[in-house]
Structures are given as C-alpha cells and as structure tokens.
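The structure under discussion appears below in the form of structure tokens.
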Amino acid sequence: MRSFFIKWIQRTKAQELRYLGILGFFLLTVNLLAVASFKVTPKVLLFVLIQAFICFFFAVFIRHLRLRGLEQEEKSKELAYLAYHDTLTGLPNRRLFEDRLNSVLLHAQRHDHLAAVVFLDMDRFKEVNDSLGHACGDRLIRLAAERLLGCLRGSDTVYRQGGDEFIILLESFTKPEDVRVVATRIQSVLEEPFILDGKPVAITASMGIALYPLDGTRPEHLLQRADEAMYEAKSQENSRFQFYASDIDVRVKSKAHMENELRAALEQERFELRYQPQYEIAGRKLIGMEVSLHWEKGSSQLRTVMDWRKAAEELGFMVPIGHWAIRTACKQMRTWQDAGHEPLRMTIAITASQFKSDYFTGEIADILQETGIDPGQIELDLTESITSSNVQEASKKLIMLKKLGVRITMDDLCTGLFARSGLEGMPFDSVKLDSTLIRDLVDDDENQLLAAAIVRMANRLGLNLIAKGVETEEQFEYLKFLQCTEVQGELFSQPLVPDQFMTLIVEK
C-alpha cells in the first residue's frame, strides 16, 4: 500500500496539470447539473465555493510536492557534482581523475595504445597573485583551465591539483611525437596574454610528461615521474616541457628541430636535385636520367640522429617537398630542351604520401601544362609497397596518370609482384631490378636465378627492364647476357648536379 502511495505521489508531481484539468472538468459538470436541476440558493453557492477551495488547496499541495522534489533533485545533482569537481574551475577533482586514470590505463593495456600523464605548473603565478590580488589570481586559474580544455580532445582529462598546478591525462595515441604536438599547442594557448582588470598578463608553463607503459604501468609511478620531469623542465631555461625518459626526450626534441629545419628548407628551397644517367645496354647510349632529392644544408648532427626522409614523411612534409621536386625537375628539363638538347626520359621517385594525396594527379597535370613537357618523357617511379596496399585504388589512380600520358615504373621489384591478384593488370611501362639483387649477381647463384626469372616475367608482360646500382663490368656483362635492356649505377656515373649533367649531355 505504501509503495502504491509513493508511486501515486510521483505521478501526481509529474502530471499536476492533467490532474487539475480532470478535477476541474468534473466539478464544473457537477455544478452545471446542479444549476440546471435546482434553483440557485445560498446553499448551492456555498457548496460551489467549498469545491473551488478544495480544488485550489489540491493544486497548491501538488505544486508544493513538485517543487520540493525538484529542489531535492537539484541538491542531489549539486552534491554529486561537488563530490567530483573542483569548485573554482569546475574541472574534475582528484577522486574523479583517479577513476579516469585507472580506466584509461586499462583501455591502453587492452588495445596496446600509449597514454600520457602531463604535470603542468604555471610559471610566475605568484607574481600575479602578489601584484594583482587573489581575485585576479583565481580568475587567471579559471581562464587557464578554459584554454586547456579548448585545446584537448573530449576524451582527455584536465585535473587541477591545487594552486596553479594541473594534471592532464591523454589517452589513446600511437607515438610520443603526438604528445609533443599537444604540449606545443598547450604552450601556445597559455602564452597568449590574459586580460585581468583590463591589463594584459603573460605567463608560461612548465610541463613534465610520463608515458604509459614506457615510464611505468601503475598510476602512482606515472604521476611521480611526470612530476619529476616537470621539475626538470623548470630547471632548463629554454625547455618548457620535458619527457621523463631521456632517450624519448632527445628523440622528440630532435624531431621538433627536424620539423623546424624542414619547414625552413621548404620555404627557402634549400633542397637540390641530382640526375643519374640511364643507358641502353646495347651501345651504352644515354637515354634518360633518374632524379634524386638531396638536402645537404641542414644540420649534419641532426641528420646523423634520424633519417630526414622518414621524418619528412611522418611530419607531412614529403607531399609539398615532392611537388617541389617534380616541378623543379620538369622546369630543368624545359631549360635543357630550350637550349637545343635532345629530349631525354626523366624518372622521378614518388613517395607513399604523395601517391595517396587526392591532389596528386591534378598537380602532375598542372606541372605538365605549366612546363610544356611531353608527358611521355616523364616516368613516375613507385615502389611495390605503395601499390600493393590497396590494389584497386592504386590501379584507378595509375590509369588516371596514364591518361595524362606519363610513364609508370615499378621499383624494388620482387617476384611476388606478378603473383598478386590485380597487379598484372596495372599499367606499368618499366620495372627495376633493385641494387641489392645486382650487388651479388655475379657470384650468387640464387640471385642469378631470381634475376633471370624477373627478366622472363617482365618480357612476358611487355615491360621495359632497368637494372640500377650497377658497379662493375662483370655485373654489366651478366645483365647483358640476361637480356636486360637498360642500366644505371656508379659504373657509369654518380648522380650529377644540373651543370654536370649538362656537360654530359653535350659530350654524348
């Protein structure tokens, strides 16, 4: 009976207007019937007034119940919010942060992802408090919290540990460099001046970063090591964030330096192209060149730490660098032809990121139109890995390129190329024997059998065959015996700068 009464109360609170409407209609009907059947007497009027009073009292009672319920609900929500959030900033408090930290580490463990704990301490905050007062200091904390939330993903967590210290939890990323991007973004947004009492106030922040599982697998270890890294960052005047692991910190800083140098090299066109001659085996006639990209003006110390080409690919620079290389090479060919020299075929290597770009085909068409080069003189050099990742998509793009009139060559060739479904129908014009196969060709029976098999398959498919990395006369003679058609390598020439290649053209 009690549970029935409680349910009735709840339904009444939720539908008070409906109940009042039904009750009012009922009373109105009764009164109309009474008026129609009897004369209006003081007794009838009194009876109607009593009903109206009862109706009014009932409405007030229901409204009171509803408001009381809403008030209790709001108080419950407020208490629940205060139990898990910081009162000044509205950010999660330690209790909620620890729950999320445990969940994020469990998720990272299950899915083999990385996670990061970032300790952040605002520099010179005490000066703001002392000079402008605690009210401005509190406002600065709130504004900083808003900016932090604005530059993080929805899945990340910011926790205010106290004072001017924050802890940031980053989940689900693949490499430490992703954390560097976030840390750099945080630096940027916090260094923009804050307006306090109409005055611009500039601050900076020092951050320490600990990675899961590289720096620890338990929450307390990650928090401790992020804290240690933060104090290390504070001790270094020019470092605003620091990874706990020294090797990761060196790698990330090197990559950041590499990014800056690559950007400057691209803007100032510090790259250069070199041209390696290609010859027909029969008669050793010069028929073309392979373009190679070089960067000699960057930091030599930096280049020894990492492969700049791999870094450029990861950082997204290879697409604009590759576009510059193709355009520059075609303009160079235009210059040689305008000088009256015989047109030669030019082979240009294409990276995976270039080929996957949605604008790649259009860019090639624009360059050909701009320079007026015969498309048949341009040969795009692709590796097998580029086209084998998605055969159907690669085939569609290759067909579009062939419609422009350019030639397609396949590099890093292995016998598995012809065995894969769909690759046989791709519109290749040439294939290349890799230099690793050529190096031991004369003395290695297995290499000889493999080279012979590739030559037969290339002939069966009607493809031109180029051997690169030819260093000795013995290799050259054996390739001639295998009926390979073209060669390039140190036996003939190293890659040449434009003036040197111009001299070679004149001599030949």
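In this text, residue positions in the sequence shown follow this note's numbering: the first is 6, and each later residue adds one. Beta carbons: idealized from backbone N, C-alpha and C, even for Gly.
In this structure, DSSP gives Ile-378 a state outside helix and strand, which the three-state scheme calls coil.
For His-116, the enclosing alpha helix (DSSP H) begins and ends at 99-116. Of all alpha-carbon atoms in Gln-229, Ser-259, Glu-318, Met-212, the one lying nearest the alpha-carbon of Lys-239 is that of Met-212. According to DSSP, residue pairing for Val-296 in a beta bridge involves Tyr-280, Ile-353. Three or more beta-carbon pairs drawn from the segment 113-128 and the segment 212-230 are found closer than 8 Å, and the two stretches are therefore classed as touching. In this structure, DSSP gives Thr-333 a helical state, which the three-state scheme calls helix. In the structure shown, the three-state DSSP call for Ser-211 is strand. Proximity to Glu-512 across Gly-321, Ala-463, Ser-160, Lys-290 peaks at Lys-290, based on C-alpha coordinates. The C-alpha of Ser-136 lies about 54 Å from the C-alpha of His-328. Under DSSP, Met-127 shares a beta bridge with Ala-210. Take the alpha-carbon of Glu-482 and the one of Ala-287: they are about 11 Å apart. Closest in C-alpha terms to Ala-149, from the list Val-206, Leu-101, Val-109, comes Val-206. Residue environment: Ile-146 is assigned as buried (16 or more neighbouring CB atoms within 10 Å of its CB, all protein chains considered).
Exclusion of the five residues before and after Leu-409 leaves Thr-366, Ile-369, Ala-370, Leu-373, Pro-380 as the residues of its chain whose Cβ lies within less than 8 Å of its Cβ. Here Cys-335 has Ile-372, Thr-376, Ile-378 as same chain residues with Cβ atoms under 6 Å from its own Cβ, once five neighbours each way along the sequence are excluded. With the rule of 3 Cβ pairs closer than 8 Å, the segment 434-445 counts as touching the segment 466-474. In the assembly as shown, Pro-181 is a buried residue. Its beta-carbon has 16 or more other beta-carbons within 10 Å. Spanning the alpha carbons of Asp-143 and Lys-402 requires a straight line of approximately 57 Å. For the set Thr-189, Ile-355, Phe-360, His-139, the Cα lying nearest the Cα of Gln-247 is the one of Thr-189. In this structure, DSSP gives Phe-433 a state outside helix and strand, which the three-state scheme calls coil.
The beta carbons of Val-296 and Met-351 sit about 6 Å from each other, so the pair counts as a contact at 8 Å. In the three-state reduction of the DSSP assignment, Tyr-249 falls in the coil class, being assigned neither a helical nor a strand state. One thing to note: Asp-386 has its Cβ within 8 Å of the Cβ of Ala-354. Inclusion of Leu-195 and Ala-210 in the CB contact set at 8 Å is warranted, their separation being smaller than that value.
DSSP links Lys-204 through a beta bridge to Leu-201.
Scanning Val-492, Arg-314, Thr-508 for the CA closest to the CA of Glu-285 turns up Val-492. In terms of Cα proximity to Gln-359, the closest of Lys-260, Arg-314, Glu-233, Ser-108 is Arg-314. Closest in C-alpha terms to Leu-501, from the list Leu-154, Val-187, Gln-281, Asp-161, comes Gln-281. Within 10 angstroms of the beta-carbon of Leu-72 lie fewer than 16 other beta-carbons, which makes it exposed.
The beta-carbon separation of Lys-260 and Ala-215, rounded to 19 Å, does not stay under the 8 Å limit for a contact. Nearest neighbour of Gln-382 by Cα position, chosen from Gln-342, Glu-389, Thr-388, Ile-391, turns out to be Gln-342. Counted as a single uninterrupted DSSP element, the alpha helix (DSSP H) harbouring Leu-320 occupies residues 313-320.
Around the beta carbon of Phe-506, 16 or more other beta carbons sit within 10 angstroms, so the residue counts as buried. The residue from Glu-170, Asp-169, Val-123 with its alpha-carbon nearest to that of Glu-176 is Val-123. Under the rule that a run must span 4 or more residues, the alpha helix (DSSP H) segments found entirely inside the segment 432-510 read 440-444, 450-465, 478-486. About 17 Å separates the CB atoms of Val-109 and Leu-154; that is not less than 8 Å, and the two are not in contact.
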